[in-house]
Amino acid sequence: MQESNIYTELDLKQTLSTNRLVGLWRFLGGFHWLYLGAIGALGLATAAKTVSYYLLQYLVDDVLLAEQVAIPFYVIALGFVGLALIQGAFTFVSGKLAAHSAEGAILRLRNYLFDHIQRLNFSYHDQTKTGELVQRCSSDVDTIRRLYAEQFIGVGRIVLLFVINMAALVSLNLKLGLLSMISMPVVLLVSLFFFKRIHEAYEAHQEQEGALSTTLQENLSGVRVVKAFARQAFEIDKFEASNSEQYNRGQKLVRMHSLYWPIVETISAAQMLFIFFLGATMAISGEITVGTYLAVAGVVIWVIWPMQNLGRLIVQTSMGMVSYNRITEILEQEREVVDTGTYQPQGAIKGAVEFRNVAFAYAAETPILQDISFKVEPGQTVALLGPTGSGKSSLVNLLARFYDYEGSILIDGVELSDYAKRTLRQQIGLVEQEPFLFSRSIRENIAYGVDREVTPAEIETAAKTAAIHDVILSFPDGYDTIVGEKGVTLSGGQKQRVAIARTLLKDPHILIFDDAVSAVDTETEAHIQAALEALRQDRTTFIIAHRIQTVMRADQILVLDKGRIIQHGTHRELMAQEGIYRKIYELQARLEDDLVPVSGYQNGKDKSPNGPVRVTPGVMAGQTG
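Residues are numbered in this note's numbering as their position in the sequence shown, beginning at 1, plus a constant of 116.
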């Protein structure tokens, strides 16, 4: 298998197994022989170490005590040096192969995990906390890396040490060899006893670490809100509470380890001392030679030590098992299928949209949309109004098939589910109420929505249409200005206009503005509306807005309440009816006439250097009581 295939062709979802050891072994697909080579090299290093004790036995019994020099002393010395070099060389080779295998497998796992998360359904991301995903993709993946690089290879080393040295010990003296295994069942039972408890403690610890990561991530993302409301003390208390719980769970894990180690080490030390004492007694009585005793004393260490550390590795392996479970919970999620569909449009869609008795719910017991029916001709503009929670955003989100629905939605007479999601989303441009900008330049953010090379002129044209070009040029670095994380260096209105420019550059045939002009002033909104007027001629446009002025020129206006359309018509038609729409219009009209003086105008005298300052309060549709 070529190395490039090792990193790209293995579908980790297909390697999952209910047996975690089998699943972890399958994760190493493509690196199996390298990993086995690492274990084999360890076996050769171990054998070289064991042979050195036989050489020690020969040196003591046949050279020093027998005073025979069949082999020159310097040759024996070179034998010790040679065996040490062999041991060191194969240990190095083993470590290199194990590290290459572990790092390669984890590189693939990280890439696959990230790719997999990108392809999951919107509903999964709605229900999963970002901090939890970050923790699983970082801490849990690193735990599995250590499992491959240290624990698994350590288990292989321990098994080889035990088997090779046990065979050597039995060959040196059968009685001592058999007696050296007395403590082995006890150590294994103690290790298995602690395995389950440490497994549970570590799982609880990792869960709390995910909760702590979520708390930190939310705080850092909302740091401006925290400061604006002076809620630092509240956030500190919340973090300290979560951190204290992490500490308590960590202490429980430490206590498990603190109990385990003294027990196992005491058993192992007692076993070793017993063999040392018995061997010395046998050497004094002449039952074995001094050289044999020294060889046994050296070899028995490498029999007892593996038993002791096998328990340690069993316990540490339990942590890797927990992390494997947490990662497989993500990998088991079904991916969103975006490239398959029974209908492939020839060229761009026209934009005719029809909803027929559409219903939608995030959870079965709480319907969001009910019996939604309306029809839109290509190039028409549809406005949606309604109180918070009436289902406006959910309705437009269905057009991009972010969620499944009941009923029928047609685009150009074809059922929405017959389109491939990728094809559909390439034809739809969405500007959300809270646009997300990446920590990149303004130029890169505007060009983000298209999968091709974009010229500076195209970017500037889109920016001019979104009424943000002049603002960008006022920055020292112009279009190369880095906007900061989530666009933090821009105002709310500036971020929305950059997001509008990004959508316009995509040149979609269905435009969706989900309250996209809520953070711009009336004058800027007028510039945007005027620039978009020509663009709407060939595009079907959906607008969610809170200002009547924004929607009154729409071809159709849908007023929603509790997931249902309660009014439907043009501005003129709705004004002729009794209902929410006319109430909102009249309320906003009164408030626009009722200009409120702001600070700087006190006691009937103007305190502002530029004369009286007056503002027009914004009123959100649906907040009329």
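Ideal Cβ positions, reconstructed from N, Cα and C, are used throughout, including at glycine.
### Task
Could you work out which residue in 162, 560, 258 and 516 is closest to residue 199 when comparing CA atoms only?
162
### Cβ shell of residue 411 (< 6 Å), same chain only, five flanking positions each side left out
169, 172, 173 and 288
### Query
How is residue 713 classed by DSSP in three states: helix, strand or coil?
Reliability of the predicted coordinates at residue 713 is poor, the pLDDT of 45 falling under 50, and the value obtained from them is presented with this limitation in mind. Reduced to three states, the DSSP call for residue 713 is strand.
#### Entry: Option in 400, 371, 505 and 214 with minimal Cα separation from residue 318
371
### Message
Between residue 346 and chain B, is the shortest Cβ-Cβ distance under 9 Å, so that the two count as touching?
### Response
The chain labelled as chain B is not found in the depicted structure, where only one protein chain is given.
### Sequence-distant residues of its chain with Cβ nearer than 7 Å to residue 465 (five each side left out)
527, 528, 543 and 625
### Query
Closest to residue 492 by CA distance: which of 217, 246 and 674 is it?
674
### Message
Please report the straight-line C-alpha distance between residue 537 and residue 482, rounded to a whole angstrom.
### Response
26 Å
### Task
From the DSSP output, in three-state form, read off residue 684 for me.
strand
### Task
Give the secondary structure of residue 627 by DSSP, where H, G and I count as helix, E and B as strand, and everything else as coil.
strand
### Query
By Cβ distance, which residues of its chain are closer than 7 Å to residue 435, with the 5 residues on each side in sequence left out?
Annotation for residue 435: 259 and 318 place their beta carbon closer than 7 Å to its own, counting only its chain and skipping 5 residues before and after.
### Whole-angstrom C-beta distance between residue 558 and residue 614, which should lie under 8 Å
6 Å
### Message
Can you tell me where the beta strand (DSSP E) holding residue 673 begins and where it ends?
### Response
672-677
#### Entry: Per-residue burial, residue 572 [other beta carbons within 10 Å of its own, 16 or more giving buried]
exposed
### Query
Quick one: what's got a C-beta closer than 7 Å to residue 561's C-beta in the same chain, skipping five residues either side?
553, 554, 599, 614 and 618
### the stretch 243-252 contacting the stretch 126-145, beta-carbon criterion three pairs below 8 Å
no
### Query
residue 445: which of 232, 429 and 605 sits nearest, CA to CA?
232
#### Entry: Sequence ranges, alpha helix (DSSP H) only - wholly within the stretch 319-384, length at least 4
339-344
### Task
Let me know if residue 221 comes out buried or exposed under the rule of 16 or more other beta-carbons within 10 Å of its beta-carbon.
Result: buried.
### Query
When DSSP labels each residue in this structure, what does residue 656 get in the three-state scheme?
Three-state DSSP puts residue 656 in a strand.
### Query
From residue 385 to residue 453, what does the alpha carbon distance come to, in whole angstroms?
Each residue's Cα considered, the two are about 59 Å apart.
### Task
State whether the stretch 401-420 contacts the stretch 281-300, with contact taken as three or more CB pairs (one from each stretch) at a distance under 8 Å.
yes
### For residue 478, the first and last residue of its enclosing beta strand (DSSP E)
Note, residue 478: beta strand (DSSP E), 469-479.
### Task
Give the secondary structure of residue 734 by DSSP, where H, G and I count as helix, E and B as strand, and everything else as coil.
The pLDDT assigned to residue 734 is 38, lower than 50, so where the model puts this residue is not dependable; a value taken from the coordinates is nonetheless given after this. Coil.
### Query
Looking at residue 547 and residue 627, is the spacing between their C-beta atoms short of 9 Å?
yes
#### Entry: For residue 485, the residue or residues it bridges with in DSSP
476
### Query
Rounded to a whole number of angstroms, what is the C-alpha to C-alpha distance between residue 136 and residue 212?
25 Å
### Query
Taking Cβ to Cβ, would you say residue 306 is nearer than 9 Å to residue 379?
Contact flag set, yes.
### Which of helix, strand or coil DSSP assigns to residue 498
Looking at residue 498 - three-state DSSP - the assignment turns out to be strand.
### Query
Whose CA, out of 229, 196, 176 and 203, lies closest to the CA of residue 143?
That would be 229, whose Cα lies nearest to the Cα of residue 143.
### Query
Per the contact definition of three or more C-beta pairs closer than 8 Å, is the stretch 263-274 in contact with the stretch 392-400?
no
### C-beta contact flag for residue 274 and residue 426 at 9 Å
yes
### Task
Give me the Cα-Cα distance between residue 512 and residue 437, rounded to the nearest whole angstrom.
42 Å
### Task
May I ask you to report which of helix, strand or coil DSSP gives residue 719?
Caution applies to residue 719, whose pLDDT of 41 falls short of 50 and renders its modelled position unreliable; the value that the coordinates give is listed next. Looking at residue 719 - three-state DSSP - the assignment turns out to be coil, as it is neither helix nor strand.
### Paired residues, beta bridge with residue 451 - DSSP
Answer is 236.
### Message
Buried or exposed for residue 281, going by 16 or more other Cβ atoms inside 10 Å?
### Response
buried
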